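What follows is one structure encoded as structure tokens, with my remarks underneath.
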Amino acid sequence: MEISYKFILDKRKQPVNKPYPIKLRIFQNRMYKEVNLKIKVREANWDEKAQEVLASEPDFKLYNAKISSFKSKINAAILLAEINNQTGFKIDDLIEILKPAQQTSVTAKETVFEFGQTLVAQLEKKGKIGNSIVYSCALNKLKEHCGNRQLYFENIDFRFLDDFNTTLLSDGIKVNTISNYLRTLRAIFNRAIKEKVVDRKYYPFEEFKIKSEKTINRALSIEEMRKIAAVQFDPNSNMWHYQNLFLLSFCFIGINFADLLTLKPENLIDGRIVFHRKKTGKIYSIKIPDEAMKRFQPYNIYKVEGKNDFLLPFVKNTGNPIKLKKDIALVIHAVNENLKTISSKQKITKPVSTYYARYSWANIAKSLGYSKDLIAEALGHEYGNKVTGIYLDDYDKDIIDKMNEKVIEAIFC
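Numbering (the working numbering), first residue to last: 8 to 420.
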């Protein structure tokens, strides 16, 4: 009969640094068969010599209890076979006896980082590159805080969040940036609850409140906007084009730069640009004003032939959404650096950036006497009265077109 056994960590198929399955290997007559214990642990948490899971692995007691249970059943079965003089006792007979124990599945818990990276991959697959980057940044900060420690959702409590928040503050990170990291972590936790990765009773954000600060006013006055537009650059210089991009964004009611830079021929319809805003998915239809048409001229937008080519030449459509996101970020950075130069030259003390195009447009429209609700409709959200905003979806496009013309005239005429 001569049956022997050992527990092994099966590293044949799993990628490096992933949990490996623990298997029972049973030997007889120089042959062996394996039984999957349905337990997975990392290599560093398995003691091959002692045949047990180390205390550094969460649920190590549960795993070791299952291994001990298998040992007891095997030893008892072999002893019983010897007592009964069952010389024909085979590996398959032993495996049959162990079947009830095999039914109990004990799997390694998924760490916060593993679960978070799965969400990042899902977001990338859906084309939500911006969100995937936000999640990655939050997870990276969390990893920095944890060092080499594994982090499980059950470990995240009020004290952990407070300590994480304090660490980020001591590192000089702004309150609203920290708020973004924590809101992302909260979203990951909520998703983990929905997917039954963690029980709702461990949810820590009922007690821990995420703080934020009121952002500075990102709006320019009519006079300040005129100063931005008045600076003269060589039309062949990068500075001129970066200034032109900012002014184009303003002319299109503060269109987001990611949307502006990725406009295609299909977005030009009957003298308007019609597009889905990447951030919200909302459809916008904005008449191309004369000032914008003039600023489009250097780029020959009506001569762009490829249907997947962008109207503006600042980024290329390579089919790689992650690279595109990075390329757009580089252009935005260059525009912001240019705006710093212009602001300094024109003695504007506000930290002008691409965001200012949208907020400045709204501020100037308000200063010209337009209602918050009409401005809200133009911007695509309830900028003013939230209740009234529900009824604004059918505003005549002509009204918004004329409002945009008046805002532009206030700056360029």
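Glycine residues also receive a C-beta, built at the ideal position from the N, C-alpha and C atoms. Note that the structure is a prediction, hence the values are computed from the model and not measured.
What did DSSP end up calling Ile349 once you bin it into helix, strand or coil?
Start at 1 with the first residue of the sequence shown, and residue 349 comes out as number 342. Three-state result, Ile349: helix.
Taking buried to mean at least 16 other C-beta atoms within 10 Å of its own C-beta, is Gly123 buried or exposed?
The residue you call residue 123 lines up with position 116 of the sequence shown. Gly123 counts as buried, since no fewer than 16 other beta carbons sit within 10 angstroms of its beta carbon.
Using DSSP's beta-bridge definition, name the partner residues of Glu59.
The count along the sequence shown starts at 1 and reaches residue 59 at position 52. Its beta-bridge partners are Asp54.
Among Lys373, Gly278, Val322, the one whose alpha carbon lies nearest that of Lys404:
Locating residue 404 in the sequence shown gives position 397, where the first residue counts as 1. Nearest C-alpha to Lys404: Gly278.
Got a sec? Which residues, its chain only, sit under 7 Å from Lys413 by beta carbon, not counting five neighbours each side?
Here residue 413 refers to the residue found at position 406 when the sequence shown is read from its first residue. Excluding sequence neighbours, Lys413 sits near Leu375.
Nearest-angstrom Cα distance between Ile208 and Ala128?
Locating residue 208 in the sequence shown gives position 201, counting from the first residue. Locating residue 128 in the sequence shown gives position 121, counting from the first residue. Rather than Ile, the amino acid found at residue 208 in this sequence is Lys. So the two alpha carbons sit approximately 27 Å from each other.
Please go through the same chain and pick out, in chain order, the residues whose beta-carbon is closer than 7 Å to the beta-carbon of Pro328, but skip the five residues on each side of it.
On the sequence shown, position 321 is the one that residue 328 refers to. Here the set comprises Gly134, Ile136.
Asn307: first and last residue of the uninterrupted alpha helix (DSSP H) it sits in:
For the purposes of this step, residue 307 is taken as residue 300 along the sequence shown, with counting starting at 1. Segment: none, Asn307 is in no alpha helix (DSSP H) and carries neither H nor E.
7 Å Cβ shell around Phe160 - same chain, five flanking residues per side excluded:
Taking the sequence shown and counting its residues from 1, the one referred to as residue 160 is at position 153. Counting only Cβ-Cβ distances below 7 Å, and skipping sequence neighbours, we find Val119, Phe196, Ala199, Val204, Val205, Tyr209.
Under the assumption that Leu44 contacts Phe67 (Cβ atoms under 8 Å), give the Cβ distance between them as a whole number of angstroms.
Start at 1 with the first residue of the sequence shown, and residue 44 comes out as number 37. Start at 1 with the first residue of the sequence shown, and residue 67 comes out as number 60. That pair is no contact at about 14 Å.
Alpha carbon of Leu267 to alpha carbon of Val338, nearest angstrom:
Position 260 of the sequence shown holds residue 267. Position 331 of the sequence shown holds residue 338. Cα to Cα, the separation comes out at about 12 Å.
Mind pulling the alpha helix (DSSP H) runs of 4 or more residues that sit fully within the stretch 253-329?
264-268, 297-303
Any contact between the stretch 313-325 and the stretch 343-351? By contact I mean 3 or more CB pairs, one from each, below 8 Å.
no
With DSSP collapsed to three states, give me the class of Arg190.
Taking the sequence shown and counting its residues from 1, one reaches residue 190 at position 183. In this structure, Arg190 counts as helix in the three-state DSSP scheme.
Got a sec, what are the start and stop residues for the beta strand (DSSP E) Phe212 sits in?
On the sequence shown, position 205 is the one that residue 212 refers to. Looking at the DSSP string, Phe212 is not in any beta strand (DSSP E), and its letter there is neither H nor E.
So, is Thr111 buried or exposed, given that buried needs 16 or more other C-beta atoms within 10 angstroms?
Here residue 111 corresponds to residue number 104 of the sequence shown, with the count starting at 1. Its pLDDT being 46, under 50, Thr111 is placed unreliably in this model, and the value from its coordinates should be taken loosely. That one is exposed.
Label Pro242 either buried or exposed according to how many other C-beta atoms from any shown protein chain fall within 10 Å of its C-beta, with 16 as the threshold for buried.
Position 235 of the sequence shown, counted from the first residue, corresponds to residue 242. The residue in question, Pro242, is exposed, as its Cβ has fewer than 16 Cβ neighbours within 10 Å.
Nearest-angstrom Cβ-Cβ length linking Phe165 and Phe215, presumed shorter than 8 Å:
Looking up residue 165 in the sequence shown gives position 158. Looking up residue 215 in the sequence shown gives position 208. Right, the Cβ-Cβ distance comes to about 5 Å (below 8 Å), so this counts as a contact.
Using three-state DSSP, classify Phe14 as helix, strand or coil.
Along the sequence shown, one-based indexing puts residue 14 at 7. Reduced to three states, the DSSP call for Phe14 is strand.
State yes or no: is the C-beta of Val204 nearer than 7 Å to some heavy atom of the ligand MN?
Only the bare structure without any ligand can be found here, which leaves the ligand MN out of the picture.
Cβ distance (whole Å) where Pro272 is taken to contact Leu331 below 8 Å
Locating residue 272 in the sequence shown gives position 265, where the first residue counts as 1. Locating residue 331 in the sequence shown gives position 324, where the first residue counts as 1. About 17 Å separates the beta carbons of Pro272 and Leu331, which is beyond the 8 Å limit, so they are not a contact pair.
Use the C-beta contact count for Ala299: other C-beta atoms within 10 angstroms, 16 or more gives buried, fewer gives exposed.
Taking the sequence shown and counting its residues from 1, the one referred to as residue 299 is at position 292. Classification of Ala299: buried, given that the 10 Å Cβ count is 16 or more.
Using a Cβ-Cβ cut-off of 8 Å (strictly less than) and excluding sequence neighbours within five positions of Thr114, which residues of its own chain qualify?
Taking the sequence shown and counting its residues from 1, one reaches residue 114 at position 107. For Thr114, the pLDDT reaches just 46, beneath the cut-off of 50, and the residue's location in the model is therefore unreliable, leaving the point undetermined.
Would you kindly work out how many angstroms separate the C-alpha atoms of Asp38 and Leu146, rounded to a whole number?
Position 31 of the sequence shown holds residue 38. Position 139 of the sequence shown holds residue 146. Note that residue 38 is Met in the sequence shown here, rather than Asp. For Met38 and Leu146, the distance between alpha carbons rounds to 46 Å.
For a test of the three-state rule: what should DSSP assign to Phe240, helix, strand or coil?
To locate residue 240, count along the sequence shown from 1; it is residue 233. It is coil, neither helix nor strand.
Kindly provide the ranges of any alpha helix (DSSP H) runs that are 4 or more residues long and lie completely inside the stretch 157-204, ordered along the chain.
165-177, 182-201
Cut-off 6 Å between Cβ atoms - residues of its own chain near Ile163, not counting five sequence neighbours on either side
As a first step, residue 163 must be located in the sequence shown, where it is residue number 156. Here the set comprises Pro211.
Separation of Leu126 from Ile140, as counted between CA atoms
In the sequence shown, the residue the question calls residue 140 occupies position 133. In the sequence shown, the residue the question calls residue 126 occupies position 119. Computed Cα separation, rounded: 11 Å.
Residues of its chain near Glu117, where Cβ-Cβ distance is below 6 Å and the 5 sequence neighbours each way are ignored:
Here residue 117 is taken as the residue at index 110 of the sequence shown, counted from 1. Counting only Cβ-Cβ distances below 6 Å, and skipping sequence neighbours, we find Val204.
Within the same chain, show all residues whose beta-carbon is closer than 8 Å to that of Leu158, passing over the 5 residues directly before and after it, in chain order.
Locating residue 158 in the sequence shown gives position 151, counting from the first residue. Within the same chain, Leu158 has close Cβ partners Thr118, Val119, Phe120, Leu149.
Over the uninterrupted beta strand (DSSP E) stretch that includes Val48, give me the two end residues.
Locating residue 48 in the sequence shown gives position 41, where the first residue counts as 1. That run of the beta strand (DSSP E) goes 38-48.
Would you say Lys294 and Asp408 are within 8 Å of each other, going by their C-beta atoms?
The residue labelled residue 294 in the question sits at position 287 within the sequence shown. The residue labelled residue 408 in the question sits at position 401 within the sequence shown. It is a contact, given that the beta carbons lie within the stated cut-off.
Residue span of the alpha helix (DSSP H) that contains Lys354, given as start and end:
Position 347 of the sequence shown holds residue 354. Counting along the chain, Lys354 falls outside any alpha helix (DSSP H), and DSSP gives it neither H nor E.
By Cβ distance, which residues of its chain are closer than 7 Å to Gln250, with the 5 residues on each side in sequence left out?
On the sequence shown, residue 250 is found 243 positions in, with the first residue counted as 1. Same-chain partners within the cutoff: Val238, Phe240, Asn345, Ile349.
Between the beta-carbon of Val42 and the beta-carbon of Leu87, is there less than 8 Å?
As a position in the sequence shown, residue 42 is number 35, starting the count at 1. As a position in the sequence shown, residue 87 is number 80, starting the count at 1. Cβ atoms of Val42 and Leu87: not closer than 8 Å.
Can you give me the Cβ contacts of Glu220 inside the same chain, cut-off strictly under 6 Å, excluding the 5 residues immediately before and after it?
In the sequence shown, the residue the question calls residue 220 occupies position 213. If we look at Glu220 and ignore the five residues flanking it on each side, its Cβ neighbours are Val182, Asn183.
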